[in-house]
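The letter at position 124 of the sequence shown is residue 1316 when you use the working numbering, and the numbering goes up by one with no holes.
Backbone N, C-alpha and C fix where the C-beta goes; we use that ideal spot for every residue, glycine too.
Each remark here refers to the structure printed beneath this line.
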Amino acid sequence: MRIKEAFLLKKILLLTTGGTISGAGSDRLDLKDYKAGNYSGEYFLEQVPEIKQYANVIVEHVDNIVSTAIQNSHWITLRDRITKAFHSEDFDGVVITHGTNTMEETAYFLHLTVPSEKPIVLVGSQRPFTAISSDGPINLLHAVRVAASDEAYGKGALVVMNDEINGAREVTKTNTYRLETFQSGQHGFLGFVEPDNSIQFYRAPTRKHTAYSDFADVDLTDIPAVEIVYSYAGVTGDLIRYITESGKYKGIVVAGTGAGTVSPAEEEALLEAKEKGIYIVRCSRLGNGRVASMKSYEKLNPVIGDNLLVQKARILLMLSLIKYDNVEDIQKIFDTH
């Protein structure tokens, strides 16, 4: 590559956090008992030198953990580092290597809190770096290409794997081992990384995010605790009462059956929680479809979770409770984000 060409490339910050993409197995057939978080970002660049054709990549190690260990503190660290990179260090985009199990939640948190329209791309893999036909190298290459593309500007946080580009709000992991695990339900992909060297977007997020989010400038020092409960045949209200009586939680997100419905026992316990100042969000356990307001739950007066997955609704409620203390204002957030 000529010096002039390298000078014109976008400047991308690669933040590494661990996960399967940096995993090492006992042999090339080890696809499940490998050790996650084994390789560095510098090693990635050595093994995938083609990345240098698309961007000037600066590597920074953040953590080396499995994504099930992710906490609010990790999210805040990433948000603050990305904000600094965009506002003070002239980076054009950020790529984050991340374990796939909670990648969608990290993506959504950043989607709601980073005050910049520059691309944020999360990437992982379903197979460790040492496996035969690991998806890690090509996923990382594609993530850098998307982060360096003009087309990704203003799309918020993205998840790029298996040639597919998903938006942070709708994306979810749908399969334990298959490479096409990340999907966006009935909404579909935002776009694709194509073999003709192009990045093709076919739709864009319509809800508020990043620089236009109500949480772009929020103080994240004290994030209220929110718990999730799951509805099923025969469920009691015992878990809800435990959450209420613990005194630790300011909100409960309910993964209701069907259109977000709960059992009579759960409703009774939720009413008790409401009386103690706990906010309730009604969602569905189905994974597709919108939850609507229902007259039968007027007494409960819950926030309606729209079509958000429960794990995303939890994040949105946590952030909402930093700024608001009434159902009406929180509902407006759920209607617009």
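| said: Which complete alpha helix (DSSP H) runs does the stretch 1235 to 1287 hold, if anything under 4 residues is left out? | reply: 1264 to 1280
| Under three-state DSSP, which class holds serine 1325? | coil
| Thinking just about the alpha-carbon of each residue, which of Val1258, Glu1372 and Ala1403 is nearest to the one in histidine 1279? | Ala1403
| request: Mind listing, in chain order, the continuous alpha helix (DSSP H) runs of no fewer than 4 residues lying wholly within the stretch 1460 to 1525? | output: 1502 to 1515
| query | How big is the Cα-Cα spacing for tyrosine 1516 and glutamate 1460? | reply | 25 Å
| field | Cβ neighbours of valine 1336 in the same chain (closer than 7 Å, five flanking residues each side left out) | value | Ile1204, Ile1243, Tyr1246, Ala1247, Val1249 and Val1287
| Who are valine 1351's beta bridge partners in DSSP? | Leu1314 and Asn1358
| request: Measuring alpha carbon to alpha carbon, tell me which of Ile1470, Ala1451, Tyr1300 and His1379 ends up nearest tyrosine 1424. | output: Ala1451
| query | Going straight from the alpha carbon of glycine 1359 to that of glycine 1377, what length do you get? | reply | 11 Å
| query | Where alanine 1216 and phenylalanine 1236 are concerned, what is the direct C-alpha to C-alpha distance, given to the nearest angstrom? | reply | 13 Å
| said: Just to confirm my understanding: we take isoleucine 1262, look at its own chain, exclude 5 residues before and 5 after, and list those with CB closer than 7 Å. What are they? | reply: Thr1294 and Thr1298
| field | Sufficient close CB pairs (3 or more, under 8 Å) joining the stretch 1324 to 1331 to the stretch 1265 to 1276 | value | no
| task | Would you give the residue range spanned by the beta strand (DSSP E) that glutamate 1437 belongs to? | result | First-last for glutamate 1437: 1430 to 1438, but that is the alpha helix (DSSP H), not the beta strand (DSSP E).
| CB-CB under 6 Å to serine 1512, same chain, minus the five flanking residues each way: which ones, in chain order? | Ile1522 and Ile1525
| Count the other CB atoms within 10 Å of the CB of aspartate 1284; is the residue buried (16 or more) or exposed (fewer)? | buried
| task | Specify the secondary structure class of leucine 1206 as computed by DSSP and reduced to three states. | result | strand
| query | So, proline 1456 versus arginine 1474, is the Cβ gap smaller than 7 Å? | reply | no
| request: Tell me whether alanine 1339 sits in a helix, a strand or coil according to DSSP, three-state version. | output: helix
| Residue range of the beta strand (DSSP E) that includes tyrosine 1422 | 1418 to 1422
| task | Please determine, among Ile1470, Tyr1300, Ile1472 and Leu1492, the residue with the shortest C-alpha to C-alpha distance to lysine 1504. | result | Tyr1300
| said: What does DSSP give as the partner residue(s) for valine 1445 in the beta ladder? | reply: Ile1420 and Val1473
| said: To the nearest angstrom, how far is the alpha carbon of arginine 1194 from that of glutamate 1343? | reply: At arginine 1194 the pLDDT is 46, less than 50, meaning the model places this residue with poor confidence and gives no usable figure here.
| field | Straight-line gap, glycine 1346 to leucine 1201 (C-alpha atoms, nearest Å) | value | 19 Å
| said: Here's the rule: buried if 16 or more other CB atoms are within 10 angstroms of the residue's CB, otherwise exposed. What is histidine 1440? | reply: For the sequence presented, residue 1440 should be read as lysine rather than histidine. Exposed: under 16 other Cβ atoms inside 10 Å.
| Same chain, Cβ closer than 6 Å to serine 1405, five either side skipped, listed in chain order | Leu1304
| task | Grab the span of the alpha helix (DSSP H) containing phenylalanine 1301 for me, first residue to last. | result | 1295 to 1305
| query | Does DSSP put threonine 1402 in a helix, a strand or coil? | reply | helix
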